[in-house]
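Working notes, beginning with the structure itself.
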Amino acid sequence: MSFPWAKQYTPKHPFMVWMDEKLPLPRLVYSAVGGGYEVPRNINYFWNFGFLAGFCLVIQIVTGVILAMHYGGNTQVAFDSTEHIMRDVNYGWMLRYGHANGASAFFVIVYLHIFRGFYFGSYKAPREMIWLLGVVIFLLMMATAFMGYVLPWGQMSYWGAQVITGLFSAIPMVGEPIREWLLGGFAPDNAALNRFFSLHFLLPFVILGVVILHIWALHIPGSSNPTGVEVKSESDTLPFYPYFIAKDGWTIGLFLIIYSLFVFFMPNALGHPDNYIPANPLQTPAHIVPEWYFWPFYAILRSFTQDWLFIIPAKLMGVLAMFSAILVWFFLPWLDKSPVRSGNYRPLYRKFFWVLVLDVLVLGYCGGMPAEQPYVLVAQIASIYYFLHFLVIVPIVSSIERPEPLPYSITEAVLGSDKAAAPGDKA
Amino acid sequence: MIRIFSILAGLFFAGALAWSLLWDTIGFAQEGLPKTVEKAFYEHPKELHLASDGWFGKFDKKQVKRGFEVYQQVCASCHSLKHVSFRDLAALEYSEAEIKELAAAATVNAPDPLTGEMKDRPGLPADHFPPVVYAGQGHPPDLSLLAKARHDGAAYTYSLLTGYQAQPAELLKQFPDAKTPEGLHYNPYFPNLNLAMPAPLTSDGQVTYSDGTNATIDQMAKDVSAFLVWTAEPKLDKRHQVGFWWLGFLIYATILGYLAYRNVWAGKKH
């Protein structure tokens with residue numbers, strides 16, 4: 001992408017001129033994240049989470065690669081090698097706590113990034129491809145995080161692997177063979193642990209690849225903004241360097257402060273104590289729960305307690321629904337027909353958006369609780385809303401809603417009219 | 001067209017959920033909230049404050065050392081400590097000679113360097129605490145990580161060690177089937193209320209402390225809980241110390257970054 005007024009890379013040093021002819025990598029970087037990328041000047045702090053998510057991925061890869069140098073992917077040594085990292089490897093505790101809490105931080109950031117997209121309609125044309133790639137990244141993150149949690153081979157690792165791979169056995173006829181094929185056995189064991197380790201090392205680099213595609217696709221139409229009005233003229237934008245580097249940059253500090261509070265002062269607050277007990281296939285923990293970032297989807301899975309109309313098995317419906325809960329996001333660009341992108345100008349959609357936020361928080365809370373009353377009933381009601389929101393409410397609202405008048409341009413929103421650009425936006 | 005399919009799909013999921021909701025509501029109306037003996041009589045751990053608590057916490061080395069003495073004289077007969085090495089005791093201000101002596105008192109099964117056969121030999125400082133051979137029923141858990149493997153670990157250990165009591169009559173009145181089975185021991189701080197371990201700390205003065213502290217049951221329970229926090233997280237002091245300086249640097253750098261941002265954006269409306 002390039003707006004006509006975007007600056008072009010002009011090498012000065014003879015070596016850079018030579019380089020630009022042979023391999024224009026500096027030109028690519030300049031146009032992608034340098035002075036050559038023009039960004040709407042009115043984006044608010046919710047637009048920082050993409051950059052921060054990329055930063056989290058780097059933290060995870062760096063800490064993860066070093067951890068892998070000291071970890072043993074074998075059921076005999078996995079748990080003890082994790083403790084070896086904590087006790088005997090220089091600053092191993094920092095690497096491991098940084099990696100475990102880094103996963104949580106990554107998910108916090110990505111959830112905020114996704115909900116930014118929901119509110120401001122970032123998924124709409126011409127940005128559908130960015131959105132689709134984003135959902136792919138999220139799915140890959142979930143797979144990676146799940147397999148990473150199995151590696152320390154504690155009780156929750158083992159029983160989490162048991163539950164999640166057990167989901168595949170819900171598929172009629174071929175389910176059980178698929179599960180055995182995935183695990184390399186009848187239950188999680190060395191074959192499963194070893195392949196999870198291999199995939200856990202591989203997938204982050206696949207994520208990195210899809211992130212590059214995600215950014216590439218972003219650079220075709222350029223970044224969206226809180227008004228949802230497309231860029232019209234030069235006064236609507238500012239170059240990424242130095243303006244947005246400076247804005248993203250200082251929030252990295254803010255992010256690191258919050259992240260470090262967890263790593264150094266409450267490193268186990270987000271984990272489950274049972275994972276400090278070595279895996280024991282003969283002893284099921286009282287409550288098997290995944291990590292917090294899976295709780296909303298876990299609640300949906302467990303909401304299906306009865307075989308539907310006595311025919312469709314509850315487990316099958318639960319698995320179907322859990323995966324569909326994310327798959328529906330793929331269709332969002334075509335379900336929401338409203339030409340207005342930003343929730344700031346969509347009075348009805350905005351209300352339902354906040355109901356969804358509350359709904360997902362309730363689902364998350366229920367997912368972390370034992371599968372008993374009253375949590376199951378609450379989760380069932382919240383799950384009903386979740387599906388109705390995306391599949392029924394969004395399509396209908398987008399047809400019947402009467403949006404508020406949009407500003408003519410970003411410049412007008414920022415400089416001109418008395419109507420503030422966005423409530424969350426610092427004018 | 002896609003929106004018609006989507007609404008149908010939405011109704012499909014909502015319908016299946018409503019079906020579960022309907023039957024579960026009927027079940028709930030009949031049975032009410034689940035009522036179990038554990039829910040009714042389990043007690044959350046008592047308050048316990050240790051020097052290592054909080055963001056600026058540091059181990060009270062004297063207490064941790066006393067806790068080690070409790071472990072040695074009481075717990076070690078059944079429970080292992082396999083993630084801890086003898087050399088780690090240097091952190092509790094044991095001298096090198098004392099560590100060598102402590103290690104040598106243990107028997108370690110290791111390959112003989114000359115023949116390669118497994119052989120018993122006296123322990124060395126680099127050895128981990130050896131496994132405890134336990135001839136009874138069940139297998140007592142290793143204690144190295146216990147403080148992190150239970151919710152509110154230190155307070156849990158302290159409460160458990162001081163929480164043994166006779167089963168309340170009220171419990172048997174409400175749940176006649178829940179009588180503590182033969183060979184188990186009632187303790188409301190244990191998640192399912194009955195555990196195999198008999199009360200290990202039974203009388204004041206059971207342990208002889210090298211620093212002369214009066215070994216009451218409460219004192220021993222506190223000290224050994226502090227010790228188990230150390231075995232579970234020996235790098236806690238270092239972590240707090242590094243975290244403090246790192247956070248100071250981060251705050252400084254973030255302020256600089258923010259000022260740089262303000263400087264770059266000066267005069268630009270947005």
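Line by line, the protein sequences give chains A and B.
Start counting the first sequence at 1; every next residue gets the next number (UniProt numbering).
Start counting the second sequence at 1; every next residue gets the next number (UniProt numbering).
Note that beta-carbon positions come from the ideal geometry of N, C-alpha and C, so glycine has one too.
Minimum Cβ-Cβ distance from residue i to chain A less than 7 angstroms
i             : result
residue 7(B)  : yes
residue 20(B) : yes
residue 94(B) : no
residue 71(B) : no
residue 24(B) : yes
residue 87(B) : no
Simplified DSSP state of residue i, which is helix, strand or coil
i              : result
residue 154(A) : strand
residue 68(A)  : helix
residue 120(B) : strand
residue 181(B) : coil
residue 360(A) : helix
residue 196(B) : coil
residue 308(A) : strand
residue 40(A)  : strand
residue 26(A)  : helix
residue 339(A) : coil
residue 110(B) : strand
residue 57(A)  : helix
residue 115(B) : coil
residue 186(B) : strand
residue 6(B)   : helix
residue 395(A) : helix
Selected residue, minimal CA-CA separation from residue i, among the options
i              : options                          : result
residue 230(A) : 120(A), 23(A), 106(A) and 71(A)  : 120(A)
residue 243(A) : 39(A), 299(A) and 109(A)         : 39(A)
residue 98(A)  : 118(A), 122(A), 61(A) and 131(A) : 61(A)
residue 25(B)  : 288(A), 329(A), 381(A) and 36(A) : 381(A)
residue 315(A) : 90(A), 175(A), 54(A) and 329(A)  : 175(A)
residue 379(A) : 301(A), 408(A), 30(A) and 392(A) : 301(A)
residue 166(A) : 148(A), 88(A), 156(A) and 188(A) : 188(A)
residue 66(B)  : 260(B), 242(B) and 212(B)        : 212(B)
residue 55(A)  : 190(A), 22(A) and 254(A)         : 254(A)
Alpha carbon of residue i to alpha carbon of residue j, nearest angstrom
i              : j              : result
residue 4(B)   : residue 244(B) : 57 angstroms
residue 17(A)  : residue 11(A)  : 5 angstroms
residue 262(B) : residue 278(A) : 51 angstroms
residue 140(A) : residue 293(A) : 14 angstroms
residue 251(B) : residue 262(A) : 15 angstroms
residue 427(A) : residue 240(B) : Low confidence applies here, because residue 427(A) scores a pLDDT of 39, under 50, leaving its location unreliable; read the following figure in that light. Cα to Cα, residue 427(A) sits roughly 40 angstroms from residue 240(B).
residue 271(A) : residue 414(A) : 44 angstroms
residue 318(A) : residue 324(A) : 10 angstroms
residue 366(A) : residue 39(B)  : 18 angstroms
residue 71(A)  : residue 161(A) : 19 angstroms
residue 93(A)  : residue 83(B)  : 14 angstroms
residue 24(A)  : residue 200(A) : 33 angstroms
residue 152(A) : residue 76(B)  : 26 angstroms
residue 30(A)  : residue 3(A)   : 14 angstroms
residue 351(A) : residue 299(A) : 23 angstroms
Residue-level contact to chain B via CB, residue i, 7 angstroms cutoff
i              : result
residue 410(A) : no
residue 34(A)  : no
residue 247(A) : yes
residue 424(A) : For residue 424(A), the predicted structure reports a pLDDT of 43, less than 50, and the residue's modelled location is therefore unreliable. The matter cannot be settled from this model.
residue 404(A) : no
residue 414(A) : yes
residue 418(A) : Model confidence at residue 418(A) stands at a pLDDT of 43, short of 50, so the residue's coordinates are unreliable and nothing is read from them.
residue 53(A)  : no
residue 60(A)  : no
residue 3(A)   : no
residue 41(A)  : yes
residue 76(A)  : no
Close beta carbons around residue i, own chain, < 6 angstroms, minus the five adjacent residues each side
i              : result
residue 5(A)   : 234
residue 120(B) : 107 and 109
residue 356(A) : 389
residue 124(B) : 103
Residue i beta carbon near the ligand SAM (any heavy atom closer than 6 angstroms)
i              : result
residue 150(A) : Inclusion of the ligand SAM in the displayed structure is not the case, the ligand content being empty and no account of it being possible.
Residues of its chain near residue i, where Cβ-Cβ distance is below 8 angstroms and the 5 sequence neighbours each way are ignored
i              : result
residue 57(A)  : 106, 204, 207, 208 and 211
residue 208(B) : 69, 73 and 215
residue 506(A) : Residue numbering for chain A in the displayed model covers 1 to 427; residue 506(A) lies beyond these limits and cannot be assessed.
residue 172(B) : 178 and 179
Close-in-space but distant-in-sequence residues of the same chain around residue i (CB under 7 angstroms, 5 per side omitted)
i              : result
residue 253(B) : none
residue 333(A) : 123, 124, 125, 128 and 131
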